[in-house]
Every structure is written in C-alpha cells, then in structure tokens.
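Novice:
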Amino acid sequence: MSRGVPALSIVLAVLALAACDALRSAPPLQRDYPLKRLGERVYVIEGPNESPSPSNQGFTNNPGFVLTKRGVVIIDPGASVQVGEMLLAKIASVTSDPVIAVLNTHGDGNHWLANAAIKARFPRAVVYAHAHLKSTAVAAGERWLTLLLRETDGAVRGTRPVGPDITLEGGEVLKLGDRRFRVHQHEGGHSPGAIMIEVVEGRVLFASDYLVNERSAARDRVDLLGQMAAVETVLATAAEYFVPGHGPVGDRSAVLALQRDLSAAQREGKSSAD
Ligand SMILES: [Zn+2]
Ligand SMILES: [Zn+2]
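If you're matching positions, the sequence shown starts at 48 in our numbering and goes up one per residue.
1. Assign Gly111 to one of three DSSP states: helix, strand, or coil.
2. With distances taken Cα to Cα, identify the nearest neighbour of Gly154 among Asp270, Asp123, Val146.
3. For Thr214, list the residues DSSP reports as bridge partners.
4. In angstroms with no decimal places, state the Cα-to-Cα distance between Val82 and Arg204.
5. State the start and end residues of the unbroken alpha helix (DSSP H) segment that holds Arg168.
6. Have a look at Ala276, Val259, Gly201, Ala254 and flag the residue whose alpha-carbon is nearest the alpha-carbon of Ser102.
7. Where does the unbroken alpha helix (DSSP H) through Val203 begin, and where does it stop?
8. Is Asp155 near ligand 1, going by C-beta to nearest heavy atom under 7 angstroms?
9. Using the Cα positions of Lys137 and Asp79, report the straight-line distance between them to the nearest angstrom.
10. CB of Asp79 to nearest heavy atom of ligand 2: below 7 angstroms?
11. Give the DSSP-derived three-state secondary structure of Gln77 in the structure shown.
12. Flag His237 as yes when its Cβ comes closer than 7 angstroms to any non-hydrogen atom of ligand 1, and as no otherwise.
13. Quickly, what does DSSP pair Tyr288 with across the bridge? List them, please.
14. Using only alpha-carbon positions, find the residue among Pro110, Leu134, Leu150, Gly125 that is nearest to Asp212.
15. Ligand 2 heavy atoms versus the CB of Asn96: any closer than 7 angstroms?
16. When the Cα of Gly105 is compared with those of Val296, Trp159, Pro239, Ala186, which residue comes out closest?
17. Quick one, which of Arg314, Val296, Pro75, Phe169 has its alpha-carbon nearest Ser127's?
18. For the beta strand (DSSP E) containing Ala148, list its first residue and its last residue.
19. Please report the straight-line C-alpha distance between Leu252 and Ser56, rounded to a whole angstrom.
20. Count Cβ pairs between the region 240-254 and the region 156-170 that sit closer than 8 angstroms; are there 3 or more?
21. With DSSP run on the structure shown, which of helix, strand or coil describes His231?
22. In chain order, what residues of the same chain have a beta carbon less than 7 angstroms from the beta carbon of Ala264, not counting five sequence neighbours either side?
23. Enumerate in chain order the residues of its own chain whose CB-to-CB distance from Ala187 is below 7 angstroms, with the five nearest sequence positions on each side excluded.
24. For Leu271 and Lys166, I'd like the C-alpha separation in whole angstroms.
25. Can you round the beta-carbon distance between Pro208 and Leu192 to whole angstroms, since I take them to be within the 8 angstroms contact cut?
26. Apart from the five residues just before and just after Met48, which ones in its own chain have a Cβ nearer than 6 angstroms to its Cβ?
What follows is the structure in structure tokens.
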C-alpha cells in the first residue's frame with residue numbers, strides 16, 4: 048500500500064496540470080489584420096473568409112466598430128476572447144474612449160462569442176441582441192465553442208458564452224452617443240432573430256449573414272426568397288458601404304450583383320423543378 052501512494056500522487060499531479068492547461072487561455076491571434084475605415088468614424092476588420100481552422104485561430108467574421116461622443120459601439124466582435132482582444136487593440140489604436148455597447152447580429156457563435164473579452168475589459172458595456180439570441184445564448188454558445196475548439200485545435204480556449212443584456216425586436220432606432228443605429232429584422236433569409244445594423248449617419252449597413260458577398264454562394268442558398276427579401280431591405284437603406292458577415296465589404300453595385308445572382312438562382316430552381 049505504501050508503494051501505491053506515490054503513484055497516486057503522481058497521477059493526481061498530472062491530472063491537476065492537465066486541468067490547469069485546459070483552463071488557461073490559448074495564445075493571442077498571430078496574424079495581423081488591417082483596420083479599414085468606412086464612413087465617418089466607422090471601422091471594420093475583414094476577417095479571413097474561411098472556415099475556422101488552426102491557422103486563422105477561429106477568426107472568420109467581419110467585426111466593426113463606431114466612434115460616438117460617449118464611447119465606442121462594437122458590431123459582432125467575433126468568435127473568441129482572442130478575436131475580441133485583437134479588436135480591442137485595434138480600437139485602442141484610434142481612440143482611448145471606452146466601449147459602451149456591443150451589438151450582436153445573430154446567434155452564430157463565430158459572430159458573438161468574443162463578447163466575453165469586451166465585457167472583461169469594459170464591464171459596463173451593454174450587449175444588445177435579438178430576444179432569440181438571449182433565449183438560446185448559453186446552449187448555442189456551448190455548441191459553437193465545442194465546434195470551434197475542435198476545428199481550431201483549441202485556439203479559442205478560454206472563451207465562454209456571454210449573452211445579451213438588452214433584447215431587440217427589430218425596427219428600433221438606438222441612439223448611442225451622438226449616433227443612430229437602425230435595427231432591421233427579417234424572418235427568413237438567414238437564422239432566427241438575425242438583425243442588420245444600419246449606422247445611419249455613417250451610411251454603413253452591417254448586413255451580417257443576410258448578405259454573403261460571394262456570388263457563387265447564392266447557388267446553394269436554401270432560403271432564396273428570404274435572402275431576396277433581405278436584399279430588398281439592404282437596398283432600401285441609404286447606405287454606401289455594405290458589410291457582409293464574411294468576405295469583403297461591398298458597395299451598392301456588389302449588392303445589385305448579388306440580387307441578380309439570387310434572381311437567376313431562383314429562375315434556375317423553378318425551371319429545374321418544372
Ligand atoms: Zn450566421
Ligand atoms: Zn456568419
């Protein structure tokens with residue numbers, strides 16, 4: 048029995064070390080991503096238009112932020128604490144103002160799990176999202192974390208789901224500082240409770256995954272009619288810059304090209320069904 052105690056101690060020590068490693072956050076993002084200025088005091092980082100992988104460390108969306116007189120408003124901070132911390136460093140390169148709000152466009156975790164990093168640095172920042180995200184945040188966040196941890200070989204480790212403080216329904220105009228943020232919502236077109244954010248004075252529309260700026264992607268859209276209705280809403284705004292959830296920022300002509308592709312796909316679908 049006396050010989051068993053040291054062996055047990057070793058096993059326990061190894062398990063304790065493994066537990067510490069599992070709790071430790073993964074390293075920061077290694078690649079540098081340029082900050083792009085759109086309208087007045089509106090910025091975006093175009094993330095890799097890829098699936099989550101070890102090389103992109105799970106960073107695949109387009110986080111944006113807007114400077115207001117009261118502080119910074121973030122739109123879709125990204126997939127992980129590592130992405131959120133990179134975004135905070137980019138914000139700090141243009142302003143020393145605090146983050147006062149985070150707007151989440153929908154429930155896909157690669158867009159909102161970075162809320163944790165923003166709340167850790169700015170606990171008073173208010174997170175807004177559609178009521179659907181609030182009701183599903185923890186379960187959806189855990190599912191997304193499991194998926195992202197697997198696909199990135201643990202590069203998002205240290206992230207935990209932090210859901211919204213205030214819920215939206217669509218149709219609101221939020222006045223944050225001296226800027227207005229109009230909330231557009233569609234049933235259909237992407238996922239339940241997905242919203243678009245129009246930065247009214249900046250003439251920028253954060254259309255998120257309602258707008259996929261990849262023309263070929265239109266071909267396998269399952270909800271073509273929802274997408275087409277969403278594109279009508281996109282075009283009805285006065286925006287000059289259109290930020291998709293993934294891929295490069297476009298102008299009005301890019302949205303019109305997508306609209307033509309969606310119409311063509313619908314016609315093809317109709318004729319193949321005939
Ligand atoms: Zn999505
Ligand atoms: Zn997305």
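Beta carbons are placed, not taken as given, at the ideal position from N, Cα and C, and that holds for glycine.
Specialist: Put simply:
1. Sequence index remark: in the sequence shown, residue 111 carries index 64 (1-based). In the structure shown, Gly111 sits in a strand (DSSP, three-state: E or B).
2. By 1-based counting over the sequence shown, the position of residue 154 is 107. Nearest of Asp270, Asp123, Val146 to Gly154, Cα basis: Asp123.
3. Locating residue 214 in the sequence shown gives position 167, where the first residue counts as 1. Paired residues: Ala176.
4. Along the sequence shown, one-based indexing puts residue 82 at 35. Along the sequence shown, one-based indexing puts residue 204 at 157. Here residue 82 is Leu; the residue named in the question, Val, does not match the sequence. Those two C-alpha atoms are separated by around 25 angstroms.
5. The residue given as residue 168 occupies position 121 in the sequence shown. Where Arg168 is concerned, the enclosing alpha helix (DSSP H) starts and stops at 162-168.
6. Your numbering for residue 102 matches position 55 in the sequence shown. The shortest Cα separation from Ser102 among Ala276, Val259, Gly201, Ala254 belongs to Gly201.
7. For the purposes of this step, residue 203 is taken as residue 156 along the sequence shown, with counting starting at 1. Counting along the chain, Val203 falls outside any alpha helix (DSSP H), and DSSP gives it neither H nor E.
8. Residue numbering aside, residue 155 sits at position 108 when the sequence shown is read from its first letter. Asp155 Cβ: within cutoff of ligand 1.
9. Residue mapping note: residue 137 aligns to position 90 of the sequence shown, counting from 1. Residue mapping note: residue 79 aligns to position 32 of the sequence shown, counting from 1. Straight-line Cα distance between these residues: approximately 10 angstroms.
10. Counting from 1 along the sequence shown, the entry for residue 79 is found at position 32. The answer is no for Asp79.
11. For this step, residue 77 is matched to residue 30 along the sequence shown. In the structure shown, Gln77 sits in coil (DSSP, three-state: anything other than H, G, I, E or B).
12. Here residue 237 refers to the residue found at position 190 of the sequence shown. For ligand 1, at least one heavy atom lies less than 7 angstroms from the Cβ of His237.
13. Residue numbering aside, residue 288 sits at position 241 when the sequence shown is read from its first letter. DSSP lists Val251 as partners of Tyr288.
14. The count along the sequence shown starts at 1 and reaches residue 212 at position 165. When only C-alpha atoms are compared, the closest one is Leu150.
15. Reading the sequence shown from its first residue, position 49 is the one you call residue 96. The answer is no for Asn96.
16. Here residue 105 refers to the residue found at position 58 of the sequence shown. Nearest option by C-alpha distance: Trp159.
17. Here residue 127 is taken as the residue at index 80 of the sequence shown, counted from 1. For the residues Arg314, Val296, Pro75, Phe169, the minimum Cα distance to Ser127 belongs to Pro75.
18. For the purposes of this step, residue 148 is taken as residue 101 along the sequence shown, with counting starting at 1. Ala148 -> beta strand (DSSP E) spans 146-150.
19. Here residue 252 refers to the residue found at position 205 when the sequence shown is read from its first residue. Here residue 56 refers to the residue found at position 9 when the sequence shown is read from its first residue. Roughly 58 angstroms separates the two Cα atoms.
20. no
21. To locate residue 231, count along the sequence shown from 1; it is residue 184. His231 falls in the strand class under three-state DSSP.
22. On the sequence shown, residue 264 is found 217 positions in, with the first residue counted as 1. A caution first: Ala264 carries a pLDDT of 48, below 50, which makes its placement in the model unreliable, though a value can still be read off. Excluding positions up to five away in sequence, the list is empty.
23. Along the sequence shown, one-based indexing puts residue 187 at 140. Counting only Cβ-Cβ distances below 7 angstroms, and skipping sequence neighbours, we find Gly154, Gly156.
24. For the purposes of this step, residue 271 is taken as residue 224 along the sequence shown, with counting starting at 1. For the purposes of this step, residue 166 is taken as residue 119 along the sequence shown, with counting starting at 1. Using only the alpha carbons, I get a separation of about 36 angstroms.
25. As a position in the sequence shown, residue 208 is number 161, starting the count at 1. As a position in the sequence shown, residue 192 is number 145, starting the count at 1. Going by Cβ atoms, the distance from Pro208 to Leu192 rounds to 7 angstroms, so yes, they are a contact pair.
26. Against the sequence shown, residue 48 aligns to sequence position 1. Confidence in Met48 is poor, its pLDDT being 45 and thus under 50, which makes the residue's placement unreliable; the coordinate value appears in the next sentence. So the list is empty, once near-sequence residues are dropped.
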